[in-house]
Each structure stands twice: as C-alpha cells, then as structure tokens.
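Enquirer: Here it is: the structure, laid out below.
2 protein chains.
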Amino acid sequence: MKAILVGLGSAGFSWYKRLKERGLLAAVVEVDPAMKIKMGDDPFPFYTSLEEALETTQADFLVNVTSPMMHTKVNAAAFDRGLAVLCEKPISFDYQESKEIVARAARERLPFMIAENYRRMPYIRKAKQLIDAGAIGAISSLDIQFYRYHHVQRRYTVHILDDIGVHHFDLLRYFTGKEGTAIQAKLFNPVNGWQEEGAVLSAYAFIELEGGITAAYQATIASKGTETPWSGNWRIEGTEGAIEVRDKEIYLIRDHMAVKVEDLSGIDETDTLTEFLASLQEHRESETSGQDYLKTQALVHYAHVASATGQMQAILVPQMKENGEMTA
Amino acid sequence: MKAILVGLGSAGFSWYKRLKERGLLAAVVEVDPAMKIKMGDDPFPFYTSLEEALETTQADFLVNVTSPMMHTKVNAAAFDRGLAVLCEKPISFDYQESKEIVARAARERLPFMIAENYRRMPYIRKAKQLIDAGAIGAISSLDIQFYRYHHVQRRYTVHILDDIGVHHFDLLRYFTGKEGTAIQAKLFNPVNGWQEEGAVLSAYAFIELEGGITAAYQATIASKGTETPWSGNWRIEGTEGAIEVRDKEIYLIRDHMAVKVEDLSGIDETDTLTEFLASLQEHRESETSGQDYLKTQALVHYAHVASATGQMQAILVPQMKENGEMTA
Numbered sequence: 001m002k003a004i005l006v007g008l009g010s011a012g013f014s015w016y017k018r019l020k021e022r023g024l025l026a027a028v029v030e031v032d033p034a035m036k037i038k039m040g041d042d043p044f045p046f047y048t049s050l051e052e053a054l055e056t057t058q059a060d061f062l063v064n065v066t067s068p069m070m071h072t073k074v075n076a077a078a079f080d081r082g083l084a085v086l087c088e089k090p091i092s093f094d095y096q097e098s099k100e101i102v103a104r105a106a107r108e109r110l111p112f113m114i115a116e117n118y119r120r121m122p123y124i125r126k127a128k129q130l131i132d133a134g135a136i137g138a139i140s141s142l143d144i145q146f147y148r149y150h151h152v153q154r155r156y157t158v159h160i161l162d163d164i165g166v167h168h169f170d171l172l173r174y175f176t177g178k179e180g181t182a183i184q185a186k187l188f189n190p191v192n193g194w195q196e197e198g199a200v201l202s203a204y205a206f207i208e209l210e211g212g213i214t215a216a217y218q219a220t221i222a223s224k225g226t227e228t229p230w231s232g233n234w235r236i237e238g239t240e241g242a243i244e245v246r247d248k249e250i251y252l253i254r255d256h257m258a259v260k261v262e263d264l265s266g267i268d269e270t271d272t273l274t275e276f277l278a279s280l281q282e283h284r285e286s287e288t289s290g291q292d293y294l295k296t297q298a299l300v301h302y303a304h305v306a307s308a309t310g311q312m313q314a315i316l317v318p319q320m321k322e323n324g325e326m327t328a
Numbered sequence: 001m002k003a004i005l006v007g008l009g010s011a012g013f014s015w016y017k018r019l020k021e022r023g024l025l026a027a028v029v030e031v032d033p034a035m036k037i038k039m040g041d042d043p044f045p046f047y048t049s050l051e052e053a054l055e056t057t058q059a060d061f062l063v064n065v066t067s068p069m070m071h072t073k074v075n076a077a078a079f080d081r082g083l084a085v086l087c088e089k090p091i092s093f094d095y096q097e098s099k100e101i102v103a104r105a106a107r108e109r110l111p112f113m114i115a116e117n118y119r120r121m122p123y124i125r126k127a128k129q130l131i132d133a134g135a136i137g138a139i140s141s142l143d144i145q146f147y148r149y150h151h152v153q154r155r156y157t158v159h160i161l162d163d164i165g166v167h168h169f170d171l172l173r174y175f176t177g178k179e180g181t182a183i184q185a186k187l188f189n190p191v192n193g194w195q196e197e198g199a200v201l202s203a204y205a206f207i208e209l210e211g212g213i214t215a216a217y218q219a220t221i222a223s224k225g226t227e228t229p230w231s232g233n234w235r236i237e238g239t240e241g242a243i244e245v246r247d248k249e250i251y252l253i254r255d256h257m258a259v260k261v262e263d264l265s266g267i268d269e270t271d272t273l274t275e276f277l278a279s280l281q282e283h284r285e286s287e288t289s290g291q292d293y294l295k296t297q298a299l300v301h302y303a304h305v306a307s308a309t310g311q312m313q314a315i316l317v318p319q320m321k322e323n324g325e326m327t328a
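Have a look at this one:
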C-alpha cells in the first residue's frame with residue numbers, strides 16, 4: 001500500500017513521519033515549496049501541484065492534511081482518480097459540502113475515513129470498554145468540561161466547535177453509541193477572550209440523545225483557569241454508577257466509592273492509520289468513516305443553528321437516500 | 001429583641017437552638033403537638049395555632065421555618081401584626097405570590113429577609129472578597145457543577161431548582177453583583193433518577209448576566225458519581241485570572257499557576273441571624289432582603305419558562321413600581 005500525502009504543515013509533517021516509518025509514503029504534495037526542507041534528504045517525490053502528483057504517482061490512498069477549506073477540493077480530486085482517502089477532520093466546515101462529498105464516496109464505494117484520533121486515546125478506549133461491559137449500567141448523562149488557553153496563528157477564523165468541539169461531540173456518540181436528537185447551544189466570544197473578528201472562543205450546549213440520554217458541554221479556549229487535556233474532562237453517569245475521566249485518568253464510581261482504573265490492557269489498536277489500513281484490507285467501513293463522521297458534524301451544524309436562533313433545535317441525522325443523496 | 005419561631009421540623013429545630021442560645025426566643029409555633037418533645041424542659045410557650053401565638057406573644061420579629069407552601073400565609077400573618085420576618089428560602093414556590101408578599105413588605109416598610117445561608121459560607125465570602133479586590137480582573141464566566149444523591153422523604157414534589165438551585169443562582173448574583181438578562185434551561189428527571197410523579201432531579205442552564213457575563217449550570221440530585229458540597233463546585237473566570245472553588249477550597253489561578261487560598265481572615269460575619277438583627281438595628285435593608293431575593297427567584301422562574309418553551313427567555317428583573325406593585 002502506498003499513499004500520497006497532501007499537506008506538509010505541522011500536522012502534515014507528523015503524518016509524513018508516520019507514513020515514512022511504515023513504508024507507506026509514495027509522494028508528498030505541498031503548495032508551499034519552502035516546506036520541502038522538512039523532508040531533509042529523503043528521496044520521496046515532492047509536488048506543489050496536486051494534479052501533477054495524482055497523474056504521475058501510483059498510490060492506493062491519499063492522506064488529506066490540508067487546511068479545512070481545501071479538504072473537499074483535495075478529496076474530490078482523489079475520488080476522481082478512484083483513490084481511497086484518509087482525511088483530517090473536519091470533513092468540511094460547510095455542512096452541505098460535507099454531506100455531498102460523503103454521499104459521493106458512498107455512491108462510488110470509495111473508502112473515506114476521517115482521522116478522528118480522540119476516540120483512539122487509550123483512556124478513552126478503556127472508558128468505552130468499561131461502559132460496554134456494563135460497569136455503570138445504562139448511560140444517563142455525560143457532562144463535559146473543556147478549558148484551555150489556545151491563542152495561536154491560524155489560516156482561518158477560530159471557532160471552538162469546528163476546531164475542537166467536534167472531537168468532543170464525536171466522543172459523545174462513541175461513548176453512548178447513540179445519535180443526537182435535539183440541541184440547545186450558545187456560541188460566543190467571552191469577556192476574557194481576545195479580539196478577533198468573528199472568533200467564537202466559548203461554547204455551551206446541552207444535547208439530547210436517543211434513549212433519554214443527556215449531555216452538557218462547557219468549552220472555552222480563552223480560559224484563565226486550570227487547563228483540561230484536549231479531550232476534556234468527562235463525567236459519565238449511569239444507572240448503576242459513574243465513570244469520571246479527569247486529566248486523562250479514569251475513575252469508576254460504584255456506591256459512591258471512586259476507584260482509579262489503572263489497568264488499560266485489553267483495548268484494541270489505537271491509531272487512525274492502522275484502522276484505515278485494516279478497513280481497506282478487510283473491505284469494511286472504517287470506524288470513523290465519512291458516513292459515520294457526518295453524524296458528528298451534524299451535532300456541530302445544529303449547535304450553530306441552535307445558537308443563532310436561541311431555540312432548541314431538532315437534530316436531523318443525515319442518512320443516505322436510495323438516490324445516493326444525503327437526507328437532512 | 002424577641003422572636004416567634006414558626007416551624008419545629010429539622011430546620012426549625014436548628015433555628016430553635018440558635019434563637020435560644022442568643023436569648024431571642026419568645027415562643028414556638030408548630031402545628032404538630034408531638035414536636036414539642038424536642039424542646040425538653042425548656043420553658044418557652046408552645047402553640048399549635050399561629051393566630052393564638054401572635055395574639056398572646058410580645059415579639060419583634062418572626063422566624064418562618066414552615067414548609068415552603070406555608071411561607072406566604074405565615075409571612076402575611078406576621079405582617080398583619082407589623083412584625084419583621086426572617087424567612088427560610090424560597091419566598092414562595094409561586095412566583096406571583098412571591099412578588100406580592102415582597103411588594104407588601106416594601107409598601108408597609110416591614111423588614112423582610114430570606115435566610116439565604118450559602119452566601120454566608122466562609123469560603124464563598126472569601127471568594128467574593130478576592131473578586132471584589134480585583135484578583136481575577138473583570139468576571140467573564142461562572143461554571144457551576146452540583147452533583148449529589150439526595151433521595152429523601154419530602155412533604156412536596158422535589159424540584160432541584162426550587163429546592164437547591166435557588167441557592168446557586170443566588171451565589172451567581174452575589175459573586176457578580178449583576179442581574180440575569182436571559183436564560184436557556186432544561187429541567188428533567190434523568191435516566192438514572194428515581195420514579196416520583198412530577199419530580200425534577202436534574203437541571204442544565206446557561207444564563208447571561210449584565211455586562212456580557214455568562215454562567216453555565218449543571219446540577220443533579222440523582223448522581224451516582226462523586227459528590228460535590230451543597231454549594232457546588234465553581235469555576236469563576238476573569239480577564240486576569242480565575243478562581244476555582246472546589247470541595248469548599250479556594251484556588252486562585254494567575255498565569256495558569258494555581259495557588260490554594262489558606263487565609264480566610266478578613267471576611268465579615270457569616271450567619272443570617274446576625275445580619276438580620278444588624279439590619280433591624282441599623283434600619284437598613286438586609287443583604288438578602290425579600291426585594292433582593294426576588295431577583296434570585298426570578299432566575300428560577302425564568303428557568304422554568306425557558307425549559308418549558310425550549311427557547312432562550314429574556315429575564316425581567318422585578319422592580320417596585322411607584323404604585324407599590326412589582327413589575328415583570
């Protein structure tokens with residue numbers, strides 16, 4: 001298996017090392033020729049034109065680590081050549097565009113996976129395993145806090161949900177195995193935020209999921225307080241107990257006694273590349289396929305709508321129709 | 001100064017001891033004669049009829065520790081005799097009734113205070129002092145988590161906001177010195193709650209306050225996880241730092257360094273009775289007077305409305321009109 005890597009920014013370079021290490025790299029595409037220096041004396045073909053790379057390189061899949069606004073264009077070019085795609089989140093910032101590209105991959109049976117790495121963190125994987133084993137009974141609620149100070153240069157206007165919250169919303173679906181049914185949200189730039197035209201640095205949301213499960217979400221990247229990990233801190237309440245994932249540690253609470261879970265063994269592979277390759281070899285849908293991840297992006301989309309209207313918003317979960325289009 | 005104590009249930013008996021200790025007790029009223037046994041051999045007059053007690057006892061004020069549904073009737077009877085009243089929260093479960101009794105007290109210039117004790121807890125008082133001293137700059141947001149398992153016998157249907165959340169909403173106003181302007185809320189019985197007709201065991205809310213301050217609130221009395229104190233855990237973010245009140249301890253965070261605040265000195269008196277007596281002697285409004293506390297109850301009232309409609313609800317802060325009625 002060989003891959004064309006598109007994008008050699010900081011995330012792109014980490015993909016570069018990963019693909020190189022595993023002998024999977026066919027070629028690199030990066031519009032900024034100055035980036036080539038990162039490759040040192042490595043012999044991989046380097047292109048500044050995606051079209052040229054696609055024409056001249058034999059590959060099985062493409063890894064898309066471009067900036068979010070470029071995602072769809074690059075994914076579409078890969079699909080034009082019949083290539084499978086492993087793409088960094090988001091599918092696209094534009095929800096309609098996300099639905100269209102996912103529908104196309106499904107229609108043309110092209111493997112398309114989003115490299116959602118949060119649900120592959122070992123302590124997240126372990127918490128899910130405990131839940132599935134019935135450690136807390138049926139899930140009742142999930143309360144998530146995410147606090148960081150993260151003021152960095154970006155090529156686009158920062159938006160806490162599109163940039164980071166989408167990971168947490170994906171974990172909501174992962175832990176529960178359920179889809180959202182309704183959402184209320186408030187997206188805003190807090191008093192202690194920095195000035196940036198259009199920036200959305202904080203989010204509050206409450207989400208209802210199938211089966212009466214509820215989630216409350218508080219997130220900011222303008223926090224002046226103690227920081228949480230990128231994955232946030234989680235309180236997952238059930239009918240028989242609770243799991244708290246705090247600072248990357250897991251606590252299992254039964255009868256109000258908290259026990260730290262030290263044994264993280266018995267969880268499956270935890271990187272997106274391995275999952276993608278396995279899905280290709282086994283001709284199955286990957287865990288965070290475009291079709292699945294679109295349901296996560298639906299949560300982000302309806303959070304935007306709910307915040308704009310100040311109203312509880314029903315969530316229409318996107319489904320593939322018989323005519324190959326996406327509903328909702 | 002002498003008081004008539006009305007109500008000798010568990011909260012009432014703790015008031016009994018407090019008033020007795022300070023030589024303030026004139027008489028006790030309790031409809032259930034079996035309760036008299038709590039008084040042992042104490043010589044204080046005991047009545048099962050409020051009217052009879054009010055007719056035969058010389059007193060300066062009445063302490064109302066009846067069940068919430070009785071509050072207004074008892075307060076009104078005291079006002080009929082020109083007595084000042086120190087009343088346990090809530091003013092009344094009925095918002096309209098709360099406005100009317102507060103308006104009456106104001107019109108007739110009768111001192112009327114709600115015994116709101118949460119804002120008199122030393123660590124709460126200290127956090128407020130730090131905020132007022134500018135320790136975190138201007139307040140930006142307040143995030144509150146309250147988790148307990150509290151399944152007890154009550155004389156009325158449990159409602160997390162009316163019963164407990166009202167204290168937290170009062171602290172929001174206390175810490176910020178601002179009033180709520182809008183609220184979204186979801187009040188519900190969670191999957192892991194017990195069955196009780198009409199019970200509301202969990203609440204989510206986000207509240208906007210004057211000056212762009214925001215608050216997010218998560219609360220449940222059906223928690224199977226680790227419990228917070230009754231006052232909840234607080235993260236108060238500001239423009240220059242943050243204060244976290246966790247498990248009754250205060251942490252001051254500046255430049256992302258958390259320092260535990262050990263010195264709770266320099267804060268003023270911390271019990272409601274002392275404040276009430278001082279306000280009577282100084283002929284001033286008490287800190288949590290009925291007129292002030294009505295603004296706290298407004299938050300609870302509009303949370304109910306917001307939850308019922310699924311819409312962001314503007315908060316109309318009740319004000320005394322020239323004709324002696326309350327607005328909003």
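So the sequence lines, in the order shown, correspond to chains G and L.
Taken in order, the first sequence gives residues 1 to 328; the numbers are from the UniProt record's numbering.
Taken in order, the second sequence gives residues 1 to 328; the numbers are from the UniProt record's numbering.
Even for Gly, the Cβ is constructed at its ideal location relative to N, Cα and C.
Rounded to whole angstroms, what's the CA-CA distance from H168/G to G232/L? Just pull it up for me.
Expert: Within the first sequence, the letter at position 168 stands for residue 168/G. Within the second sequence, the letter at position 232 stands for residue 232/L. Per the coordinates, the alpha-carbon of H168/G lies some 24 Å from the alpha-carbon of G232/L.
Enquirer: To which residues of the same chain is G82/L closer than 6 Å at the C-beta, ignoring the five residues directly before and after it?
Expert: Your numbering for residue 82/L matches position 82 in the second sequence. Answer for G82/L: no residue qualifies.
Enquirer: By DSSP, does R246/G sit in helix, in strand, or in coil?
Expert: Along the first sequence, read from residue 1 onward, the residue named residue 246/G stands at position 246. Three-state DSSP puts R246/G in a strand.
Enquirer: Is the CB of K224/G under 8 Å away from at least one CB in chain L?
Expert: As a working mapping, residue 224/G is identified with position 224 in the first sequence. Taking Cβ atoms only, chain L reaches closer than 8 Å to K224/G, which makes this a yes.
Enquirer: With DSSP as the reference, identify every bridge partner of Y159/L, one or two as the case may be.
Expert: Residue 159/L sits at position 159 when you count from the first residue of the second sequence. Checking the sequence, you will find His at residue 159/L rather than Tyr. Bridge partners of H159/L: V200/L.
Enquirer: Since I believe A306/G is in contact with A185/G (beta carbons under 8 Å), could you give me their beta-carbon distance rounded to a whole number of angstroms?
Expert: Numbered from 1 along the first sequence, position 185 holds the residue referred to as residue 185/G. Numbered from 1 along the first sequence, position 306 holds the residue referred to as residue 306/G. Indeed, because the Cβ distance is near 4 Å, the residues count as touching under 8 Å.
Enquirer: Do N75/L and I114/L have their CB atoms nearer than 8 Å?
Expert: Along the second sequence, read from residue 1 onward, the residue named residue 75/L stands at position 75. Along the second sequence, read from residue 1 onward, the residue named residue 114/L stands at position 114. No, they are not a contact pair.
Enquirer: Of all the options V31/L, R246/L and N192/L, which has the alpha carbon lying nearest to the alpha carbon of W234/L?
Expert: Numbered from 1 along the second sequence, position 234 holds the residue referred to as residue 234/L. It is R246/L whose Cα lies nearest to the Cα of W234/L.
Enquirer: Assign K186/L to one of three DSSP states: helix, strand, or coil.
Expert: If you number the second sequence from 1, residue 186/L lands on position 186. In this structure, K186/L counts as strand in the three-state DSSP scheme.
Enquirer: Against chain L, with Cβ distances strictly below 8 Å, would Q129/G count as a contact?
Expert: In the first sequence, the residue the question calls residue 129/G occupies position 129. Not an interface residue.
Enquirer: Please name the residues in the segment 301-320 of chain G whose beta-carbon is closer than 7 Å to at least one beta-carbon of chain L, in chain order.
Expert: So the list reads G310, Q311 and M312, given in the order they occur along the chain.
Enquirer: I'd like the ranges of any beta strand (DSSP E) spanning at least 3 consecutive residues and lying wholly in the segment 62-127 of chain G.
Expert: 84-87 and 112-114
Enquirer: Taking all protein chains shown into account, decide if P111/L is buried (16 or more other Cβ within 10 angstroms of its Cβ) or exposed.
Expert: Taking the second sequence and counting its residues from 1, the one referred to as residue 111/L is at position 111. Flag for P111/L reads buried.
Enquirer: So with CB distances below 9 Å, who are the chain L contacts of H151/G?
Expert: In the first sequence, residue 151/G corresponds to position 151, counting from 1. Within 9 Å Cβ-Cβ: nothing; H151/G doesn't reach chain L, min ~13 Å.
Enquirer: For R254/G, which three-state DSSP category applies?
Expert: On the first sequence, residue 254/G is found 254 positions in, with the first residue counted as 1. Note: R254/G maps to strand in three-state DSSP.
Enquirer: Inspect the beta-carbon positions of I250/G and G241/G and report whether they are closer than 8 Å.
Expert: The residue labelled residue 250/G in the question sits at position 250 within the first sequence. The residue labelled residue 241/G in the question sits at position 241 within the first sequence. Contact flag unset, no.
Enquirer: Taking E73/G as the reference, which of T57/G, A222/G, K178/G and S49/G has the closest Cα?
Expert: Here residue 73/G corresponds to residue number 73 of the first sequence, with the count starting at 1. A small fix is needed here, since residue 73/G is Lys in this sequence, not Glu. Residue S49/G is the option with its Cα nearest to K73/G.
Enquirer: Apart from the five residues on each side of it in sequence, which residues of its chain come closer than 8 Å, Cβ to Cβ, to T272/G?
Expert: For the purposes of this step, residue 272/G is taken as residue 272 along the first sequence, with counting starting at 1. Correct list, in chain order: L86, M113, A115, E116, N117, R120 and T288.
Enquirer: If you reduce the DSSP assignment to three classes, tell me which class T56/G lands in.
Expert: Translated into positions along the first sequence, residue 56/G becomes position 56. It is helical.
Enquirer: Suppose the cutoff is 6 Å on Cβ atoms and the five residues either side in sequence are ignored; what does the same chain contact list for S286/G look like?
Expert: Walking along the first sequence from the start, residue 286/G turns up at place 286. Hits under 6 Å: M113, E275, F276 and S279.
Enquirer: What residues are listed by DSSP as bridge partners for F169/L?
Expert: On the second sequence, position 169 is the one that residue 169/L refers to. In DSSP, F169/L forms no bridge with anything.
Enquirer: Under the three-state reduction of DSSP, which class applies to T220/G: helix, strand or coil?
Expert: Start at 1 with the first residue of the first sequence, and residue 220/G comes out as number 220. Strand.
Enquirer: Between which residues of its own chain and S223/L is the CB-CB distance below 7 Å, once the five residues before and five after are set aside?
Expert: Taking the second sequence and counting its residues from 1, one reaches residue 223/L at position 223. Same-chain partners within the cutoff: Y147, R148 and Y149.
Enquirer: Below 8 Å, how does it come out for the segment 259-268 of chain L and the segment 194-202 of chain L: are there three or more Cβ pairs, yes or no?
Expert: A contact between stretches requires three or more CB pairs, one per stretch, nearer than 8 Å, and the segment 259-268 of chain L fails this requirement with the segment 194-202 of chain L.
Enquirer: Note down, in chain order, each residue of its chain lying with its Cβ closer than 6 Å to the Cβ of Q313/L, except the 5 sequence neighbours on either side.
Expert: Within the second sequence, residue 313/L is the residue found at index 313, counting from 1. The residues are I183, Y302, V305 and A306.
Enquirer: Taking the straight line between their C-alpha atoms, what separation do you get for K53/G and I4/G?
Expert: Your numbering for residue 53/G matches position 53 in the first sequence. Your numbering for residue 4/G matches position 4 in the first sequence. It should be noted that the sequence gives Ala, not Lys, for residue 53/G. So the alpha carbons of these two residues sit roughly 8 Å apart.
Enquirer: What are the partner residues of T214/G, as DSSP defines its beta bridges?
Expert: Start at 1 with the first residue of the first sequence, and residue 214/G comes out as number 214. Answer is S141/G and E208/G, bridged to T214/G.
Enquirer: Do E244/G and T226/L come within 8 Å of each other at the CB atom, strictly closer than that value?
Expert: As a position in the second sequence, residue 226/L is number 226, starting the count at 1. As a position in the first sequence, residue 244/G is number 244, starting the count at 1. Result yes, Cβ atoms of T226/L and E244/G sit closer than 8 Å.
Enquirer: Please report the distance separating the alpha-carbon of R107/L from that of A59/L.
Expert: Here residue 107/L corresponds to residue number 107 of the second sequence, with the count starting at 1. Here residue 59/L corresponds to residue number 59 of the second sequence, with the count starting at 1. Distance between the alpha carbons of R107/L and A59/L: 21 Å.
Enquirer: Using a Cβ cut-off of 9 Å, which residues of the segment 234-260 of chain L contact any Cβ in chain G, in chain order?
Expert: R235, I236, E237, G238, T239, E240, G241, A242, I243, E244, Y251, I253, R254, D255, H256 and A258
Enquirer: Inspect the beta-carbon positions of residue 329/G and Y47/G and report whether they are closer than 8 Å.
Expert: This structure leaves residue 329/G out entirely; chain G is present only between 1 and 328.
Enquirer: Whose CA, out of Y123/L, F44/L, A34/L and M35/L, lies closest to the CA of K20/L?
Expert: Locating residue 20/L in the second sequence gives position 20, where the first residue counts as 1. Minimum Cα distance to K20/L is reached at F44/L.
Enquirer: From the DSSP secondary-structure annotation, give me the bridge partner or partners of Q313/G.
Expert: Locating residue 313/G in the first sequence gives position 313, counting from the first residue. Bridge partners of Q313/G: I183/G.
Enquirer: Which chain L residues sit within Cβ distance under 7 Å of S140/G?
Expert: For this step, residue 140/G is matched to residue 140 along the first sequence. Contacts between S140/G and chain L, judged by CB atoms closer than 7 Å, involve P190, V191 and N192 in chain order.
Enquirer: From which residue to which residue does the alpha helix (DSSP H) around W194/L run?
Expert: The residue you call residue 194/L lines up with position 194 of the second sequence. No alpha helix (DSSP H) contains W194/L, which DSSP labels as neither H nor E.
Enquirer: How far does the alpha helix (DSSP H) with L19/G in it reach, from first residue to last?
Expert: Along the first sequence, read from residue 1 onward, the residue named residue 19/G stands at position 19. Element bounds for L19/G: S10 to E21.
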